[in-house]
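Reviewing the structure listed below.
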């Protein structure tokens, strides 16, 4: 094989490998861009996450969903959304009080709400910022007699004896091995590390990548002239 | 051909770069409850009322202190406990013509309250929403009309659910949620006190 033929084969191979990898890069850039703007993907799916029955009437059910709380009065045959001014999202737990069936709490990913009339009027239970920390994710809740609440969070266990009492940490998870590295990788990938400007820069990078690929494809279609230069 | 591609490239690069540099800080992931308060006053009360009732020749306030029954009804409509003892509803006329209703309200954002005004037409639909005071260091994208215009023409029957009826500002979910809740509350308050009039000249 002459040197000229070898170079031609290498050039063709390089061009096709480039085209194939461009498809993957294009996919990565476009999906990364869409992850930054999830609203462009349409409404989020309505996932059902929790279920609780009214102890005084087992046909009355409450169901936790991604969007808030739904209720049923016929044992789950039909459901309607419970209207709330500030519904918690991703409701993972609904609990009726063991001593008063009118008292019910619903736990979302970052909010805890309570109703004292069986689920018609709700209010927020503030988990004050002094006790909690920004970005804290709520995982589970326990409701004891007398309104005692115990809250399992990513940062540990919080408790409150009565209405209006301050929350206090029962157990604090200071360090989770590997959590910082995972957070760092996530923040680097999404650009969150540098805040809003970082996110915009990562979007800029994704769009630039799309442009490189598209203009590269145009040049590839022109074939000979450009590649022989 | 190559020249056109090159010029398109350069133009796109500049547009993207300018948009990146002009991007406001909108990241409430790193907001700190202990961070310095960054109070941004966009409109004082007088400025906000002058803006929403631009043509008014008379302005007055009607105060509504709900009775226990009225409070129950309001809370039932909203599905939420109402903390306010009373509501002030601003009214305006021009040449004897009713210009509608405006309520200045406050809702809790991620850490601090957001003050805003909601102006309703006399047919009890949202005309205009303006953020008056924003107190958190990040997430003030909710002040933009691009977000606030989503409330236009909504009435008390609309649920105004976040990311279903109203699209939240990216990176300012809690502030968007607060605005949606406040507008819904104002619609409920005004519709409990006034009946919609036919839209006219």
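Residue numbers (this note's numbering), protein chains in the order written: chain A, 429 to 657; chain B, 39 to 239. Here a beta-carbon is modelled for each residue, glycine too, at the ideal position from N, C-alpha and C. As the structure is a prediction and not an experimental result, all values here were calculated from the model.
Counting only runs of 3 or more residues that sit fully inside the stretch 437-513 of chain A, the beta strand (DSSP E) segments are 476-482, 485-493, 497-500, in chain order.
For the pair of segments examined, the stretch 479-493 of chain A was found to touch the stretch 525-534 of chain A: the number of CB pairs separated by less than 8 Å reaches three. Burial check for residue 96 of chain B: the Cβ neighbour count within 10 Å stays below 16, so the residue is exposed. Residues of the stretch 462-481 of chain A whose Cβ lies closer than 9 Å to any Cβ of chain B, in chain order: 464, 465, 466, 467, 471, 472. One thing to note: residue 127 of chain B has its Cβ within 8 Å of the Cβ of residue 139 of chain B.
DSSP places residue 578 of chain A inside the beta strand (DSSP E), whose first and last residues are 577-581. Residue pairing by DSSP puts residue 543 of chain A in a beta bridge opposite A:532, A:550. Residue 77 of chain B is positioned such that its CB atom lies closer than 8 Å to that of residue 171 of chain B. Taking the CA atoms as reference points, residue 165 of chain B sits about 5 Å from residue 158 of chain B. For residue 132 of chain B, the enclosing beta strand (DSSP E) has its first and last residue at 125-132. Proximity to residue 477 of chain A across A:616, A:568, A:582, A:590 peaks at A:568, based on C-alpha coordinates. Boundaries of the beta strand (DSSP E) harbouring residue 157 of chain B: 151-158, taken from the DSSP string.
Nearest to residue 556 of chain A by C-alpha distance, out of A:586, A:571, A:545, is A:586.
Within 7 Å of the CB of residue 512 of chain A, the CB atoms of chain B belong to 117, 118, in sequence order along the chain. For residue 146 of chain B, the enclosing beta strand (DSSP E) stretches over residues 135-146. For the options B:163, B:227, B:233, B:161, the alpha carbon positioned closest to that of residue 101 of chain B is the one of B:227. In chain order, 112 place their CB closer than 7 Å to the CB of residue 104 of chain B, counting only its own chain and leaving out the 5 sequence neighbours on each side. The residue among A:533, A:539, A:538 with its C-alpha nearest the C-alpha of residue 545 of chain A is A:533. One thing to note: residue 152 of chain B has its Cβ no nearer than 8 Å to the Cβ of residue 167 of chain B.
Contact between the stretch 440-458 of chain A and the stretch 622-641 of chain A is established, with three or more Cβ pairs separated by less than 8 Å. Residue 215 of chain B is not a Cβ neighbour of residue 174 of chain B, given a cutoff of 8 Å.
Listed by position along chain A, the residues whose Cβ is nearer than 8 Å to that of residue 223 of chain B are 513. Approximately 5 Å separates the beta-carbon atoms of residue 513 of chain A and residue 219 of chain B; this is inside 8 Å, confirming the contact. For residue 231 of chain B, the closest of B:187, B:217, B:160 by C-alpha to C-alpha distance is B:160. The alpha-carbon separation between residue 187 of chain B and residue 222 of chain B amounts to approximately 14 Å. For residue 570 of chain A, the nearest beta carbon of chain B is not closer than 8 Å to its own beta carbon. DSSP, read as helix, strand or coil, puts residue 105 of chain B in coil.
In the DSSP annotation of this structure, the continuous segment of the beta strand (DSSP E) that includes residue 166 of chain B starts and ends at 164-172.
For residue 147 of chain B, no Cβ of chain A is located within less than 8 Å of the residue's own Cβ. Under the three-state reduction of DSSP, residue 96 of chain B is assigned to strand. Between residue 619 of chain A and residue 601 of chain A, the CB-CB gap reaches or exceeds 8 Å. Within 8 Å of the CB of residue 618 of chain A, no CB atom of chain B is found; the nearest one sits about 10 Å away. For residue 549 of chain A, the nearest CB of chain B lies under 8 Å from its own CB, placing it at the interface with that chain. Our two residues, residue 479 of chain A and residue 448 of chain A, have alpha carbons roughly 48 Å apart in a direct line. Going by DSSP, residue 87 of chain B is part of the alpha helix (DSSP H) stretching over 83-90. In the DSSP assignment, residue 185 of chain B falls within the alpha helix (DSSP H) that extends over 183-186.
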